[in-house]
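Remarks on the structure that follows.
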Amino acid sequence: MKKIMSGNEAIARGAWEAGCTFAAAYPGTPSTEILENMAQYKEIYSEWSPNEKVAVEVACGASIAGARALCAMKHVGLNVAADPLFTIAYEGANGGLVIVSADDPGMHSSQNEQDNRLYAPHAKVAMIEPSDSQECKEYIKYAFEISEKYDTPVLFRITTRIAHSKGVVELSERQEVGFKEYEKNVAKYVMIPGHARVKHVEVEERLKRLKELSNNTPLNRIEWGDKRIGIVTSGVSYQYAKEVFGDNASYLKIGFSYPLPDDLIRKFAAEVEKLYVIEENEPYLENYIKAMGISCIGKDIIPICGELNPDIIKTAFFGKQEKDKYKLNVAVPSRPPVLCPGCPHRGIFYAVSKYKDIVATGDIGCYTLGMMPPLNVTDTVICMGAGISAAIGFEKVYKMANRKGKIFGFVGDSTFFHSGITGLIDAVYNQSPIVAVILDNSITAMTGHQENPGTGKTLMGEITQVVDIYSIVKAVGVKEENIRVVDPYDLKATEEAVRDAYNATEPFVIITKQPCALIKEVQKKRAGKYLVINQDKCVKCKACLRTGCPAISIRDGKVVIDKNMCNACSVCQQVCKFDAIEKGGNF
Amino acid sequence: MVKSILFVGVGGQGIILASKILTEGLLKFGYDVKMSEVHGMAQRGGSVTTQVRFGDKVYSPLIGEGEADVVVSFEKVEAARWINYLKKDGKLIVNDYEIFSLPVLIGKENYPTNIEEELEKSGVNFKLFNAAKIAEEIGNIKTQNMVILGALVKSLGLENLDWEGVIKEVLPEKLVDINTKAFKYGLSI
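So the sequences go chain by chain: D and B.
Sequence positions in the first sequence follow full-length UniProt numbering and run 1 to 587.
Sequence positions in the second sequence follow full-length UniProt numbering and run 1 to 189.
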């Protein structure tokens, strides 16, 4: 049977077909849908872990216990999980262990453009790269086999255009593999220095055997066409190269990309007139081929920055072609991402925006958009968790440099569980009077609404214990009198909390509690509710516009609220000094 | 022969669902098909694009500038932003519906008023209609995506295939009737 599937869906399907019984991940674009799809298969235990390090460790445990286990994360997630990766590389796998890294060339939804292919040689693990959905499904099955046969974790590297592109996939049946026996083996599974020294030697031996495999696996293949141009390529770049050159070039398509197939590369290079490497971001293949003493052209013409597409390849090979295109003489306004209408983050950012000497260290989530005009609150965003920890560094230096100002750190609920807690412990332990604002919207919102330890539900839809943020904050030592829990739709209460926090001399926490306005139940509850502007009362002071709500605009000289977008959060109503904003619809 | 269709619009307009129904249908009717979507940072209000390519054999999921056979714009000014992707003699489908971006809302930038006039001047083959208004009249503004999809299917010359069957397969039962109605209306545009 044929089905149209995204790469992420195909990975889940492939894992299921391979007899996988265990999956763990932390959500992150473009990897999120892998686990969402895994959870659809009843034979697989699937979980959202609090962060990627935990996800990989949980999967390591499952693999050693004998299950075929998969974990998935976005590229920066593998940085968080690098610690277990580098050591499980020594310990190897019992049940197959596959770690999916979804990179984001072009940074559609990421803070950097790191190329995680470089992790494979660094951690000394096998790596596989599919080029479309069908290969996602087939190669993931292969990855589990290799993992068990060669006793290695396998890094399965995809990119946004693999993860989020759909293509036709031929489905197969599931192969039940059950669980392997676990036998206690401390030399293999307890990495004390004495064992690790032995293991490192074994890892190097393993790499030699894997290189042998790389030269012979069907995942690395030559497609002969015109031999005047020879192209070495992997991942989605292969599809772009085929689009541009078709049969007018020969290809060495790399699907098994660590260790690389020396013999195959030499054979290919010897038979083509000119050798090119087409790859996104880092010159991973190119540097390797050059180090073999083979000359090739790669980053001389293909850019390192940004994602590739057929147009860029055409320009690189044939120069800029003038295309017959349409152009309108229209001044097109920009359309940056914005906090949604009714977003609960708006109230707290609005309250903080009134203080000109607050420095706001932000974090990864929808609330990164607290940086956008007209709110203009956020000063820094680095990585998950840094919202709280970077605030501490700021506070210490502000104090040493005798600068006036107060430091507020912002994290979401899911981010707090991910890596905000340790930052807060640091603030208490090292007595840093920062204000940590935990924006609890009861969901992992930006990646498309995933459950987290605070929502009371698991990935598999089971009801579970709620991990209570307030209790954690108290337990790490923030004094009760320095904690405020507020509804960010209640602007007065929110402003009072911000004022108390601003004046505090000890570590202080504000927890804003209000579910994301896009949660289905919330939308149902507020369906048909909206606010309207009473034009007789409106003096066009534009105070409501300064909340940055996309439902409010000026049309034909009047301030109006779009009733289809508004869900009556009432923040604008509280901002209006002229009582010009009134209830409409079915209250 | 590979045909390329670029969908553009604003988060929350149902673009991804419309392109999903199109791709499911194309697969059912025997084409090789690839679709690529970009999830931006914002759930609502940011730019959204999806690209669909179909034919005997499709390699790249991406469409280059000047290469789309049809550009389908769910929002008016997005048509002007993306028209450079349309190939000469390609077709442009535009929802005559304005969604102000934040810089426009807060008065930092202006929403252009000359789009229709410029479309006329450019000589491009375009259809301009207010799918949101049509959908509201049908009974639910959220079905505007199906009105637009209907218009697209018509301009691709694929209206004789069993799209109603595809809609039934993809959508939950209670939404089938109203969406089919919206789709059929789109076919008549």
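We put the CB at the ideal spot given by N, CA and C, even for glycine.
Spatial distance of residue i from residue j (CA atoms)
i              : j       : result
K188(D)        : V571(D) : 59 Å
V332(D)        : A80(B)  : 7 Å
V38(B)         : Q40(D)  : 23 Å
I106(B)        : N95(B)  : 24 Å
K325(D)        : P112(B) : 21 Å
P341(D)        : D562(D) : 10 Å
T143(B)        : V56(D)  : 42 Å
G194(D)        : E17(D)  : 39 Å
T315(D)        : P303(D) : 11 Å
A527(D)        : K520(D) : 10 Å
I297(D)        : S101(D) : 27 Å
Y142(D)        : G448(D) : 30 Å
residue 646(D) : L260(D) : Residue 646(D) is absent from the model: chain D starts at 1 and stops at 587.
E582(D)        : S353(D) : 25 Å
Q51(B)         : I289(D) : 34 Å
V575(D)        : T368(D) : 23 Å
P27(D)         : K74(D)  : 8 Å
N110(B)        : T415(D) : 36 Å
N185(D)        : V125(D) : 21 Å
V232(D)        : P310(D) : 15 Å
K211(D)        : K320(D) : 39 Å
E145(D)        : A241(D) : 29 Å
V58(D)         : I44(D)  : 14 Å
K2(D)          : Y31(B)  : 12 Å
Simplified DSSP state of residue i, which is helix, strand or coil
i       : result
V466(D) : coil
K563(D) : coil
K327(D) : coil
D177(B) : helix
V38(B)  : coil
Y150(D) : helix
L459(D) : coil
S155(B) : helix
N376(D) : coil
L252(D) : strand
F179(D) : coil
I189(B) : coil
E118(B) : helix
Cross-chain neighbours of residue i in chain D, by beta carbon under 7 Å
i       : result
F100(B) : S553
N114(B) : V330
L156(B) : The contacting residues do not exist; L156(B) stays about 17 Å from chain D at best.
K34(B)  : S165, K166, G167
E24(B)  : I4
Cβ neighbours of residue i in the same chain (closer than 6 Å, five flanking residues each side left out)
i       : result
K137(D) : A10, R13, G14, V169
A445(D) : C366, C516
P488(D) : P344, G347, I348, T494, T512, Q514
L70(D)  : A15, C20, A23, V98
V110(D) : This sequence places Ser at residue 110(D); Val is not what is there. Only D104 meet the Cβ criterion.
N94(D)  : S63, I64, G66, K180
Listed by chain order, chain B residues near residue i by CB distance under 7 Å
i       : result
S334(D) : S101, P103, E109
D311(D) : G64, E65
L545(D) : L105, I106
Other residues of its chain near residue i: CB distance less than 7 Å, five sequence neighbours each side excluded
i       : result
L459(D) : L35, A39, S46, E47, W48, E451
P507(D) : A427, V428, S432, P433, I434, V478, N482
Residues of its chain near residue i, where Cβ-Cβ distance is below 8 Å and the 5 sequence neighbours each way are ignored
i       : result
V467(D) : F417, P453, G454
Residues that residue i contacts on chain B, provided the C-beta gap is smaller than 8 Å
i       : result
Q239(D) : Y59, S60, P61
Chain D contact residues for residue i, given Cβ-Cβ distances below 8 Å
i      : result
A80(B) : L328, V330, V332
N84(B) : K325, Y326, K327
L17(B) : By Cβ distance, chain D contributes nothing, its closest Cβ being about 13 Å from L17(B), past 8 Å.
Closer than 9 Å at the beta carbon, the chain B residues around residue i
i       : result
P550(D) : R44, G45, I99, F100, S101, L102, L105
Residues that residue i contacts on chain D, provided the C-beta gap is smaller than 9 Å
i              : result
S122(B)        : Y326, K327, L328, N329
residue 192(B) : This structure leaves residue 192(B) out entirely; chain B is present only between 1 and 189.
Margin query: Measuring CB atoms only, is the region 112–122 of chain B touching the region 80–100 of chain B, in the sense that at least three cross pairs come out at less than 8 Å?
Written below: The count of Cβ pairs closer than 8 Å, one atom from the region 112–122 of chain B and one from the region 80–100 of chain B, reaches three, so the stretches are in contact.
Margin query: Contact between the region 1–18 of chain B and the region 531–551 of chain D is defined here as three or more beta-carbon pairs at a separation below 8 Å; is this criterion met?
Written below: Judged by Cβ distances under 8 Å, the region 1–18 of chain B makes no contact with the region 531–551 of chain D, as fewer than three pairs qualify.
Check: How do the region 553–560 of chain D and the region 11–25 of chain B stand: do at least 3 beta-carbon pairs fall below 8 Å, yes or no?
Finding: Touching, no, given that fewer than three Cβ pairs across the two stretches are closer than 8 Å.
Notebook entry, point to check: Is the number of C-beta pairs between the region 204–222 of chain D and the region 239–259 of chain D that are closer than 8 Å three or more?
Noted result: Contact check between the region 204–222 of chain D and the region 239–259 of chain D: three or more CB pairs, one atom from each, fall below 8 Å, which counts as touching.
Margin query: With a threshold of 8 Å, are at least 3 pairs of Cβ atoms found where one atom belongs to the region 241–251 of chain D and the other to the region 192–207 of chain D?
Written below: With the cut-off at 8 Å, the region 241–251 of chain D and the region 192–207 of chain D do not touch.
Next item on the list: Decide if the region 132–150 of chain D is in contact with the region 472–483 of chain D; the criterion is three or more beta carbon pairs, one per stretch, under 8 Å apart.
Entry: The answer is no - the region 472–483 of chain D does not touch the region 132–150 of chain D, with fewer than three Cβ pairs under 8 Å.
Checklist line | Inter-stretch contact (C-beta, 8 Å, three-pair minimum) for the region 105–119 of chain D and the region 148–163 of chain D | finding: Enough Cβ pairs lie closer than 8 Å, so yes.
Notebook entry, point to check: With contact counted as at least three CB pairs below 8 Å, one residue from each stretch, are the region 234–247 of chain D and the region 173–193 of chain D in contact?
Noted result: Result no; under three Cβ-Cβ pairs closer than 8 Å.
Notebook entry, point to check: Does the count of Cβ pairs from the region 420–428 of chain D and the region 385–393 of chain D closer than 8 Å reach three?
Noted result: Look at the beta carbons and you see the region 420–428 of chain D touching the region 385–393 of chain D: at least three pairs across the two are nearer than 8 Å.
Checklist line | Any 3 or more C-beta pairs closer than 8 Å across the region 72–91 of chain D and the region 277–296 of chain D | finding: Contact between the region 72–91 of chain D and the region 277–296 of chain D is absent, with fewer than three C-beta pairs closer than 8 Å.
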